[in-house]
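Trainee: Each step along the sequence shown adds one to the number in UniProt numbering, with nothing skipped, and position 512 is 512.
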Amino acid sequence: MDVVKSSVCNCVVNFLLEENYLLTAFELLHELLDDGRDAQAIRLKEFFADTSQFPPDQISRFNALRVADPQSLLEEREAKEEKLAISEYELRLAEEDNLKLKTELQKIKESSSDDLRGSNIDVSVEDGPTLEQAKRNTSLSDLGPLKDSERKDLNCAIKEYLLLAGYRLTAMTFYEEVTDQELDVWQNTPACVPDALRHYYYHYLSSTAEAVEEKISLIRDNESLLKTNEKLNSEKESLLKSKDVADGQIMALTKSLEALQKDLTDREILVRDLKQSLELQRKELNDCKAEITSLKMHIQGSQSFRRCVSADFDHLQSHSGNYLAEIKSLQIEIASLKAKNSIGKNPVESINDEKEYIQMEEKVVEIHEDRTGSSHPIDLASGVFDVKDGERERTETPEENTAQPQKISHETLEVSLNGNCTVENNENIYKLDSESSPEVGRIIIKLDNQRSEPAFEKMGLETIQILSDALPKIVPYVLINHREELLPLIMCAIERHPDSRTRDSLTHTLFNLIKRPDEQQRRIIMDACLSLAKNVGEMRTESELLPQCWEQINHIYEERRLLVAQSCGELAEFVRPEIRDSLILSIMQQLVEDPATVVREAAAHNLALLLPLFLNVDKYFKVEELMFQLVCDPSGVVVETSLKQLVPAVINWGNKLDHILQVLLSHIVGCAERCPPVSGVEGSVESHLRVLGERERWNVDVLLRMLTELIPFMQQKTIETCPFPSVMGPLATSEPGSAFFSTSLLELYAGGCVEWPAFDWLHIDCLPVLIQLACLLPQKEDNLRNQMTKFLLAVSKCYGDHYLTDIMLHVFLVAVGDTYDLRSFPSSVQTRIKGLRPKTMVAERLATMCVLPLLLAGILGAPTKHEQLAEYLRKFLVQRIMKEDWPLNSNAEIFDAVRFLCTFEEHNGIIFNILWEMVVSANVNMKISAANLLKVLVPYIDAKLASTHVLPALVTLGSDQNLNVKYASIYAFGAVAQHFRSDMIIDKIRVQMDSFLEDGSHEATIAVVRALVVAVPHTTDRLRDYILDQFK
């Protein structure tokens, strides 16, 4: 009969759960457990233990978690082991009862086969559990929805069963839960029979399994077929609609594809034609460049020759009049002399003299005409011309003793320019005038030089051609360390050669002169390129030098890429403005991605040089992106160059400081927020903190450094945009810097009469973002908190003590949940500042853990706030702990804030003065807190501070009569032994540990063992031997 009871009870359980009578089921679970019927309560246990039905976080919200300690865990373990032994014993009994029940069930089924109208059910011992399991798995819903009359019959039968079984509380709960039916009156129906539920059970067993399964399968198949039919119809309609839409899309896509193919074919043809035309134009362009270069050189030579010839011709014309007058006077004088001397001569001599006179006159006239009419024979092709003068005689009277004739015997005057120009006088020359004759000689030589310039140019071009042909053959055979000596020849050939292809080849040689040039060699090559760019002009610099830079940008050697970076920054001055912000900026952008650190550093430096040459800010956002990319570079030298050179250059060029600051704050917070949380438990403190990777930590660090570098720019803009003219005038001239932000200025600002966005940004946008970032960082991120502290100290230094006291201090007091005063803020700003105050317990813990260290080190840690820092620390460490209701376990966040403050050596004196007050206090909690705080601070102090402050304090605490204080000091001594290896410190620790062990207290011995075992791997051999000797 127990089997029947269990089966009926299982039916009741299934019914209650399927009909969602949860209160009744829960009450039945408790009554079954109280009745010892655990087997029937298994399904109810599983149901109510299901986390999807009953989430544990909702349940745990109403339960307080107890703190697990080793003793309670040990007791719980022993209780579990006892319960496990009892359960194993009960399991053996249950298995024996199960065998008995199976045999009894077999007997009952055999004896009841006649009473059940000869049913054909043949249930064997082996098949019984399988059939029972199949029926148990068949739910009432498989027979279709229950009718109201069926539901009422079942409810009345359940109620009757609960009452007969003695589950009265469950019956009452079931009665209250079924509100839509009257269970007190059961109408007289065929289902209303005594002990109805058991009757139903027997009737169920008496029916054939085949019939029940067939009926259930038919009902199930019918329902599934109906659902399938409906689903297929709906799918058919949707498929038809989709087909129509797809057909339309296919037609449209086919037409579009045809049009695109046609367009593509046309474009390919066009591209091919354009390429051909481009090649032809490029070839023509090169030819034209070569022709233009040669023509320019020829034109320049011709122009210089013409200018010289015209100048000399004018000079000769100015002297021709003088020569004519002199010749006429000489002719008159000769005639008079001949007239005087004709009397004393014979006729023959007279005739000879007359002939000589006539010949001389003709020669003089011929020389004059040659000089005035430029009738000297000149060969322009060879640059050779000859001038031959005849013999000039001058006769003087005996009376004219002062004017003696000067005779030059057979003198040859030869002036050679490139071996082509020669002037010869092969006859005796008489100087007619001591002043005019040298001047005439100089004019003739100068005229010869000018007329020889075309020949010089021709020979120079031939020399350049020879040099250009020889250099590529010479360079490989010159030692690498001496190749820079060839630079003047290469530059001369590049500058003067008329053929563009040869110049390109020589320029390529210039950039590839040294395989891996060092810094000095790169400087020499760069100076050569700059000199060449100055001489050849913008067009040739763009067409000849810059393409070589582009070719070297992906070179295998970083020294060559470094040369490209340097050349781009320095050659930008010698190209057109539109080339600077297009081609050169593209080269710089590619160099920023270079894998070599030195190349990226050079790219940052030369980009800073390039920006002042941009005539507009069209490419500002591209440059700003490159700036942030270089600032976040993984190399420290690149970051340093970017912060010191590139960032100021971008600000001065673009004049968009507001945008840079906005993007900077977004990057800082975004880097931290993208990291995963420390814990996945929602609502916990750890779920708000982030686990930073190495890359994210580096980015946040350098961005905070960049923010610190921008403080002077922020201060300058704030002063320039000050809206108070009455204060702006005298302060801007007489008190620049931090003194500008005086009390009077802050009072005017607090009035809120005018807007001051540049001033508002710092405490409305920047400081709240910094507080938000601090609340994302775990306690171990001391480096990032150091950077934030440096930023706060730099702000207080630039903006002055008034701004620190009246603005910054109160922003952080609001953020940590302390008392504050917002009188220095405009009323429109106060609401936003008050929004920083923590509103939940988790937010308060976060504020103490993350914001309090910044308040202590970055605000109160300023040089002018040491007294306030001491008062604030005393308030946290002394006054709060003195309160009786203050829990000791809440000190961990405060101790961590003091630990961070201890990393700044200038504050150690203040901290240890307050610690000594705690050590000598009469309050036990104060002393225990002092020992715990000393244990926290030990890793962050030096040996001198440990021996002069920490050890005396610990010795004082170790001699205290209170055992808790003594045990706390033991663990602090262990921390000292772990971090210091000084013999003096180790000796003091040994003496103190001996005193602890001499007390004979078991708890003190355990505390000493635990404290020193931690220090064993890190301490000296002496202390290690001492520990082993004590505990052998």
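The beta-carbon is built from N, C-alpha and C at its ideal position, and this holds for glycine as well. Bear in mind the structure is a predicted one, so any value in this text is a computation, not a measurement.
Measure the C-alpha to C-alpha separation of glutamate 284 and serine 543 and round it to an integer number of angstroms.
Mentor: Reading the sequence shown from its first residue, position 284 is the one you call residue 284. Reading the sequence shown from its first residue, position 543 is the one you call residue 543. Glutamate 284 and serine 543 have their alpha carbons spaced roughly 15 angstroms apart.
Trainee: Which stretch, first to last residue, makes up the alpha helix (DSSP H) that contains phenylalanine 174?
Mentor: For the purposes of this step, residue 174 is taken as residue 174 along the sequence shown, with counting starting at 1. Element bounds for phenylalanine 174: 168-177.
Trainee: Please state the DSSP three-state secondary structure of proline 677.
Mentor: The residue given as residue 677 occupies position 677 in the sequence shown. Proline 677 falls in the strand class under three-state DSSP.
Trainee: Relative to the C-alpha of methionine 984, which residue among Leu1023, Leu29, Met539 and Glu601 is closest?
Mentor: Counted from its first residue, the sequence shown places residue 984 at position 984. Ranking the options by Cα distance to methionine 984, first place goes to Leu1023.
Trainee: Rounded to whole angstroms, what is the Cα-Cα separation between phenylalanine 759 and valine 769?
Mentor: What you label residue 759 is simply residue 759 of the sequence shown in a count that begins at 1. What you label residue 769 is simply residue 769 of the sequence shown in a count that begins at 1. About 16 angstroms.
Trainee: Tell me which residues share the same chain as phenylalanine 980 and place their Cβ nearer than 7 angstroms to its Cβ, disregarding the 5 neighbours each side in the sequence.
Mentor: In the sequence shown, the residue the question calls residue 980 occupies position 980. Ala943 and Ala946.
Trainee: Beta-carbon within less than 8 angstroms of isoleucine 928's beta-carbon, same chain only, minus the 5 sequence neighbours each way: which residues are those?
Mentor: Walking along the sequence shown from the start, residue 928 turns up at place 928. Cβ neighbours of isoleucine 928 beyond the five flanking positions: Leu888, Asn964, Val965 and Ala968.
Trainee: Exposed or buried, which one is threonine 509 when buried takes at least 16 other CB atoms within 10 Å?
Mentor: Position 509 of the sequence shown, counted from the start, is the residue given in the question as residue 509. Classification for threonine 509: buried.
Trainee: Could you tell me the distance, in whole angstroms, from the CA atom of leucine 116 to the CA atom of asparagine 14?
Mentor: Working through the sequence shown from its first residue, we reach residue 116 at position 116. Working through the sequence shown from its first residue, we reach residue 14 at position 14. Confidence in leucine 116 is poor, its pLDDT being 45 and thus under 50, which makes the residue's placement too unreliable to answer from.
Trainee: Report the partner residues of arginine 690 according to the DSSP bridge assignment.
Mentor: Here residue 690 is taken as the residue at index 690 of the sequence shown, counted from 1. Per DSSP, Pro677.
Trainee: For residue 1042, count the other beta carbons within 10 Å of its own beta carbon; 16 or more makes it buried, fewer makes it exposed. Which is it?
Mentor: Outside the shown range of the chain, which is 1 to 1032, sits residue 1042, and nothing can be said about it.
Trainee: Given that a residue counts as buried once 16 or more other Cβ atoms are within 10 Å of its Cβ, and exposed if not, what is glycine 909?
Mentor: Taking the first residue of the sequence shown as position 1, residue 909 is located at position 909. Exposed, by the Cβ-count rule.
Trainee: In angstroms with no decimal places, state the Cα-to-Cα distance between leucine 664 and cysteine 675.
Mentor: Looking up residue 664 in the sequence shown gives position 664. Looking up residue 675 in the sequence shown gives position 675. Distance between the alpha carbons of leucine 664 and cysteine 675 is about 18 angstroms.
Trainee: Please return the same chain residues whose Cβ sits closer than 8 angstroms to the Cβ of glutamate 349, not counting the five positions on each side in sequence.
Mentor: On the sequence shown, position 349 is the one that residue 349 refers to. For glutamate 349, the predicted structure reports a pLDDT of 47, less than 50, and the residue's modelled location is therefore unreliable. A value from the coordinates is still provided. Here the set comprises nothing.
Trainee: Does the segment 623-633 come into contact with the segment 683-694, if we say contact requires no fewer than three beta-carbon pairs (one atom in each stretch) closer than 8 angstroms?
Mentor: no
Trainee: Considering only C-alpha positions, which residue in the set Ile474, Glu673, Leu232 and Glu279 is nearest to arginine 697?
Mentor: Stepping through the sequence shown from its first residue, residue 697 is reached at position 697. For arginine 697, the nearest C-alpha among the options comes from Glu673.
Trainee: With distances taken Cα to Cα, identify the nearest neighbour of aspartate 180 among Ile911, Asn155, Arg168 and Pro488.
Mentor: For the purposes of this step, residue 180 is taken as residue 180 along the sequence shown, with counting starting at 1. Considering only alpha carbons, the answer is Asn155.
Trainee: When burial is assigned at 16 or more other CB atoms within 10 Å of the CB, is residue 1096 buried or exposed?
Mentor: Only positions 1 to 1032 of the chain appear in the structure, and residue 1096 is not among them; the question remains open.
Trainee: Is proline 472 near leucine 506, with beta carbons less than 9 angstroms apart?
Mentor: As a position in the sequence shown, residue 472 is number 472, starting the count at 1. As a position in the sequence shown, residue 506 is number 506, starting the count at 1. Yes; because the gap between Cβ atoms is below 9 angstroms, this pair is in contact.
Trainee: Check for me: the alpha helix (DSSP H) holding phenylalanine 825 runs from which residue to which?
Mentor: Taking the sequence shown and counting its residues from 1, the one referred to as residue 825 is at position 825. Taken as a continuous stretch (DSSP letters only), phenylalanine 825 belongs to no alpha helix (DSSP H), as it is neither H nor E.
Trainee: Could you give the DSSP three-state label for glutamate 19: helix, strand or coil?
Mentor: Taking the first residue of the sequence shown as 1, we reach residue 19 at position 19. Reduced to three states, the DSSP call for glutamate 19 is coil.
Trainee: Who are the near neighbours of cysteine 850 in its chain, counting only those whose CB is closer than 6 angstroms to its CB and skipping five residues on each side?
Mentor: Within the sequence shown, numbered from 1, the residue matching residue 850 stands at position 850. For cysteine 850, where only same-chain residues beyond five positions count, the Cβ hits under 6 angstroms are Ala774 and Cys775.
Trainee: Go ahead and label threonine 789 buried or exposed: buried means 16 or more other beta carbons lie within 10 angstroms of its beta carbon, across all protein chains shown.
Mentor: Looking up residue 789 in the sequence shown gives position 789. By the neighbour-count rule (16 or more Cβ atoms within 10 Å), threonine 789 is buried.
Trainee: From glycine 373 to glutamate 333, what distance separates their C-alpha atoms?
Mentor: For the purposes of this step, residue 373 is identified with residue 373 of the sequence shown, where counting begins at 1. For the purposes of this step, residue 333 is identified with residue 333 of the sequence shown, where counting begins at 1. Bear in mind that the predicted position of glycine 373 carries a pLDDT of just 38, short of 50, making it unreliable; the figure below should be weighed with that in mind. The straight-line gap separating the alpha-carbon atoms of glycine 373 and glutamate 333 is approximately 26 angstroms.
Trainee: Pull up the distance between the alpha-carbon of valine 564 and that of isoleucine 719, whole angstroms please.
Mentor: Within the sequence shown, residue 564 is the residue found at index 564, counting from 1. Within the sequence shown, residue 719 is the residue found at index 719, counting from 1. If I take the Cα positions, the gap works out to 41 angstroms.
Trainee: Whose C-alpha, out of Met714, Thr708 and Val754, is nearest the C-alpha of proline 725?
Mentor: Taking the sequence shown and counting its residues from 1, one reaches residue 725 at position 725. It is Val754.
Trainee: What number of angstroms, rounded off, separates the C-alpha of alanine 39 from the C-alpha of cysteine 9?
Mentor: In the sequence shown, residue 39 corresponds to position 39, counting from 1. In the sequence shown, residue 9 corresponds to position 9, counting from 1. Alanine 39 and cysteine 9: Cα-Cα distance of roughly 10 angstroms.
Trainee: Are alanine 649 and leucine 703 closer than 9 angstroms when you measure CB to CB?
Mentor: Here the question's residue 649 lines up with position 649 in the sequence shown. Here the question's residue 703 lines up with position 703 in the sequence shown. Cβ distance not < 9 angstroms, so alanine 649 and leucine 703 don't count as in contact.
Trainee: Tell me whether arginine 682 is buried or exposed, calling it buried when 16 or more other Cβ atoms sit within 10 Å of its Cβ.
Mentor: Position 682 of the sequence shown, counted from the start, is the residue given in the question as residue 682. Before going on, a small fix: residue 682 reads as glutamate here, not arginine. Per the 10 Å Cβ criterion, exposed.
Trainee: Cutting at 7 angstroms between CB atoms, please list the residues of its own chain near phenylalanine 713, excluding the five before and the five after it.
Mentor: Counted from its first residue, the sequence shown places residue 713 at position 713. Around phenylalanine 713: Ile651 and Leu657.
Trainee: Grab the span of the alpha helix (DSSP H) containing valine 955 for me, first residue to last.
Mentor: The sequence position of residue 955 within the sequence shown is 955, counting from 1. It spans 951-958 - the alpha helix (DSSP H) in which valine 955 sits, taken as one unbroken run.
Trainee: Decide if the segment 793-807 is in contact with the segment 835-843; the criterion is three or more beta carbon pairs, one per stretch, under 8 angstroms apart.
Mentor: no
Trainee: Can you check whether the CB of alanine 977 is closer than 9 angstroms to the CB of alanine 931?
Mentor: The count along the sequence shown starts at 1 and reaches residue 931 at position 931. The count along the sequence shown starts at 1 and reaches residue 977 at position 977. No, the pair does not count as a contact, with Cβ atoms beyond the cut-off.
Trainee: Check asparagine 925 in the structure and name its three-state DSSP category.
Mentor: Looking up residue 925 in the sequence shown gives position 925. Three-state DSSP puts asparagine 925 in a helix.
Trainee: Could you work out which residue in Ala794, Glu867 and Val898 is closest to aspartate 782 when comparing CA atoms only?
Mentor: For this step, residue 782 is matched to residue 782 along the sequence shown. Residue Val898 is the option with its Cα nearest to aspartate 782.
Trainee: Would you say the segment 808-817 touches the segment 740-750, given that touching needs at least three Cβ pairs under 8 angstroms?
Mentor: no
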